[in-house]
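Novice: Below is a structure I'd like to ask you about.
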Amino acid sequence: MDQETKTIDTNQNLSCQILILQYMCHECPLVFKEKERFLRHQDVHKRENEIIKCAMCDIPVRRKEYRQHKVTQHAAQKHKMKCSVCDKYYTRTVHLRKHYAEEHEEFGVTVSVICELCGYGTYNYGGLLNHKRIYHNPQKLFLCSACPKQFRTKSLLDNHMPVHTGDTPFQCNVCGKKYKHRSGLFYHEKMHKEQYLECPHCHRQFVAKHNMESHMRVCIIDQYLVT
């Protein structure tokens, strides 16, 4: 091989090296010879690095880290779906919604949507957004010393602490029954303040008329099946 051929080969190798270096990804070890493929690959990284909000807590995370965020931050929370009236826990929202309908129907509790983070039930999505803003906002300042929950105000934190201490600071002035949470006492006191509506078939009592009417449709069928 003559000197001219060696020079050509050297120049070709140098050109290839320059070309390869030109399309070397700085985000990962991949190297591309074609510019078009390199640009398509870069679009993948751009998408991965996009900042998105977690659907469960609204915390901003990179798209490529979203899966890990859900595993580390929310995997355990799906087993902590707690009724906002009593102390029962459920692993699935459908079971918690059924619990609200069966156990707290007489309190007039009508639940349409449930918070996937803690199990709180409310009437509509506006109430759910307000609940998340107060209880699951990443900007909260008051942290629970016994669990990862955070609260926007000291009073909300104080209302939460009986879950861990077992205290029942909210007492009914009529019958003396005690509750861990103000919401439980609120629904209980409605039973004293409002007139009961009684099912004529099974004598079960309700506060809300629409709850009794819904119950009666099922109760009549049950009575018919029994007879």
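One point on numbering: in full-length UniProt numbering, the residue at position 35 of the sequence shown is 35, and numbering is uninterrupted. Virtual Cβ for every residue (Gly too), placed ideally from N, Cα, C. Every value quoted in this text rests on a predicted model; they were computed, and no experiment measured them.
(1) Please state the DSSP three-state secondary structure of T227.
(2) Distance, Cα to Cα, H160 vs F38?
(3) Ignoring anything shorter than 4 residues, give me the alpha helix (DSSP H) runs that lie fully in the UniProt domain "C2H2-type" (23-50), in order along the chain.
(4) Cα separation between R97 and G121?
(5) Between the Cα of C199 and those of V218, G184 and L185, spot the shortest distance and give me the residue it belongs to.
(6) Starting from S60, trace the alpha helix (DSSP H) both ways and give me its first and last residue.
(7) Which same chain residues, not among the five before or five after R47, have their C-beta less than 7 Å away from its C-beta?
(8) Just mark L129 as buried or exposed, buried being the case when its beta carbon has 16 or more other beta carbons within 10 Å.
(9) Please name the residue, chosen from I134, E102 and C144, that lies closest to N211 on a Cα-to-Cα basis.
(10) For L30, does the count of other Cβ atoms within 10 angstroms reach 16, so buried, or fall short, so exposed?
(11) Between which residues of its own chain and C115 is the CB-CB distance below 7 Å, once the five residues before and five after are set aside?
(12) Measuring only between beta-carbons, confirm whether K177 sits less than 8 Å from chain D.
(13) Are L117 and H99 touching if we call contact CB-CB under 8 Å?
(14) According to the Cβ coordinates, are T165 and K178 closer than 8 Å?
(15) Below 8 Å on the Cβ atoms is my contact criterion, and I expect L185 with C175 to pass it. Report the Cβ-Cβ distance as a whole number of Å.
(16) Which value, in whole angstroms, describes the spacing of the CA atoms of C83 and C54?
(17) Of the residues I134, Y23, E50 and E27, which one's Cα is nearest the Cα of T153?
(18) Between the alpha carbons of I52 and P60, how many angstroms are there, rounded?
(19) If we count the other Cβ atoms within 10 Å of its Cβ and call it buried at 16 or more, is H104 buried or exposed?
Specialist: According to the structure data:
(1) At T227 the pLDDT is 42, less than 50, meaning the model places this residue with poor confidence and gives no usable figure here.
(2) If you take the alpha carbons of H160 and F38, they lie about 53 Å apart.
(3) Complete alpha helix (DSSP H) runs here, min 4: 35-48.
(4) One C-alpha to the other measures close to 8 Å.
(5) Closest by C-alpha distance to C199, out of V218, G184 and L185, is V218.
(6) According to the sequence displayed, residue 60 carries Pro and not Ser. Premise fails: P60 lies in the beta strand (DSSP E), P60 to R62, not in any alpha helix (DSSP H).
(7) Same-chain partners within the cutoff: R63.
(8) So L129 ends up on the exposed side.
(9) Nearest C-alpha to N211: E102.
(10) With fewer than 16 other Cβ atoms from the protein chains shown falling within 10 Å of its own Cβ, L30 counts as exposed.
(11) Closer than 7 Å at Cβ, skipping near neighbours: L128, H131 and K132.
(12) Considering every chain present, this structure includes no chain D. It has just one protein chain.
(13) It is not a contact, given that the beta carbons lie outside the stated cut-off.
(14) Not a contact, by the Cβ cut-off of 8 Å.
(15) That belief does not hold up - the Cβ atoms of L185 and C175 are roughly 11 Å apart, past 8 Å.
(16) Separation of C83 and C54 (C-alpha to C-alpha, rounded to the nearest whole angstrom) is 23 Å.
(17) Nearest option by C-alpha distance: I134.
(18) Between I52 and P60, the C-alpha separation is close to 5 Å.
(19) By the 10 Å Cβ count, H104 comes out buried.
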